[in-house]
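In full-length UniProt numbering, the protein residues as written are 1 to 305.
Built from N, CA and C at the ideal position, the CB exists for glycine as well.
What follows is a single structure, written as structure tokens, with notes after it.
Dropping the structure here:
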């Protein structure tokens, strides 16, 4: 009997770890992205949002190609199609988000961008309990958006449009990243970031020129590449196939909360009671959707061609 109970406990522990591990990877990825965003903002006055996006993707792609060496692995045609769309969506998402940050505060930009993964969570939901957690996330985001910008003025229309466009790309990133990652895992992140660099780099070179490779730019750009691209997207690509679509989308609602906390830690930005309430609602939604997920809802791995 004790051995049987020990076996049951062992299975329970393994199932718990299997459920929590991809969630932990997502949280680390989001913290890394927000730290990188804080550093990236310091490059805007030098090479602008376009140049910062370009050099970030170029360096991240180079780093991952050296470390991961994806050419050693064969890719199916189905994987290539998903990876191509994933890469283009990733590149455009980053470019639009950095464009938004030029005129829209970080918290508002992240909240607007979140409409993409939130839509994925809503459209892929099959149970009323999933909708309850999504409702918590929506309420939290509503509290954030009702605050307006830092000066209590109207949100810049161009910046808001860029953030919403980034949200559309974020939704595509989730859907096609899941398909690509289920076949090739972290290698899909390497190829996706390389594709993003190929698509976005010419835009930065045309807009800024060789200034993106200036010696004073490269150290900070390398830090941004690691923190905002190479590390988090690799972690997300490993986590994506292990989570249901709606769970991943709702978990990403932690992004505005982590952004607000990063502002408090790195920029000494104090939060109001309403902001803390919004963060609490978003965290409740994230925890709720994680604890109530069912194993049969996980993404099915497609068979290779």
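Per-residue burial, residue 15 [other beta carbons within 10 Å of its own, 16 or more giving buried]: exposed
Distance CB(residue 29)-CB(residue 216) smaller than 8 angstroms: no
Start-to-end residues for the alpha helix (DSSP H) that takes in residue 240: Per DSSP, residue 240 belongs to no alpha helix (DSSP H) and is neither H nor E.
Proximity of residue 279 and residue 257 at Cβ, strictly below 8 angstroms: yes
Cβ-based burial, residue 52 [other Cβ within 10 Å; buried from 16]: buried
Host alpha helix (DSSP H) of residue 48 (start-end): 44-68
Same chain, Cβ closer than 6 angstroms to residue 189, neighbours up to 5 away in sequence not counted: 233, 234 and 237
Alpha carbon of residue 141 to alpha carbon of residue 255, nearest angstrom: 11 angstroms
Burial state of residue 54, where buried means 16 or more other Cβ atoms lie within 10 Å: buried
Spatial distance of residue 18 from residue 242 (CA atoms): 8 angstroms
For residue 25 and residue 311, the rounded distance between their alpha carbons: An answer regarding residue 311 cannot be provided, because it is not within the stretch 1 to 305 covered by the chain.
Residue 127, DSSP secondary structure in three states: coil
The ligand NAP heavy atom lying under 7 angstroms from the CB of residue 214: In terms of ligand content, the structure shown is empty, and the ligand NAP therefore cannot be addressed.
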